[in-house]
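Written out below as structure tokens is the structure these notes cover.
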Amino acid sequence: MRAGPKVRKRRHEELDQALAAVERIAGELAEDADARPAGGFLIRRLAPVEQVVGRIELAGPGGLRAGVDVRGDGSSEAFTGRLRRTLVEQRGSESPFEALRRVLA
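Take any residue in the sequence shown, note its place counting from 1, add 1054, and you have its number in our numbering.
Quick look at the structure:
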């Protein structure tokens, strides 16, 4: 987990435990998300929804890489991959966490 400059690592024996931890931590980060627009005169202006204030990543056997980005407005997006992140598409009223569970199952 990364929130600003702080990085914390945790181990979980089961994928379900790790996904539950991702959802809990992302909820905590979303509560504290209060980014303001950044940039301006010389550089492109970034709205809070365009800023990542926290990232929770999963790394597992067989090269599993996935996670959730928490945006500056408190919203979240799930992704797979590490260097080339692919956004996980949410279906219907799925949350980003449910979409991540579906893709990793």
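For every residue, glycine included, the Cβ atom is placed at its ideal position computed from N, Cα and C.
Assigned secondary structure, residue i (DSSP; H/G/I helix, E/B strand, else coil)
i: residue 1165; result: Any answer about residue 1165 is impossible in this case: the structure gives the chain only from 1055 up to 1159.
i: residue 1085; result: helix
i: residue 1112; result: strand
i: residue 1142; result: coil
i: residue 1056; result: strand
Environment of residue i [buried if 16+ CB atoms lie within 10 Å]
i: residue 1091; result: exposed
i: residue 1159; result: exposed
i: residue 1110; result: buried
i: residue 1076; result: buried
i: residue 1118; result: exposed
C-alpha gap between residue i and residue j, whole angstroms
i: residue 1114; j: residue 1059; result: 23 Å
i: residue 1108; j: residue 1126; result: 9 Å
i: residue 1087; j: residue 1128; result: 5 Å
i: residue 1134; j: residue 1103; result: 19 Å
i: residue 1156; j: residue 1138; result: 20 Å
i: residue 1106; j: residue 1093; result: 14 Å
i: residue 1142; j: residue 1096; result: 33 Å
i: residue 1070; j: residue 1100; result: 34 Å
i: residue 1055; j: residue 1123; result: 10 Å
i: residue 1131; j: residue 1063; result: 20 Å
i: residue 1149; j: residue 1112; result: 17 Å
Continuous beta strand (DSSP E) stretch holding residue i: start and end
i: residue 1120; result: 1118-1125
i: residue 1132; result: 1130-1134
Unbroken alpha helix (DSSP H) run spanning residue i, endpoints
i: residue 1150; result: 1150-1158
Min CB distance residue i to chain C below 8 Å
i: residue 1069; result: The displayed structure is made up of one protein chain only, and chain C is not part of it.
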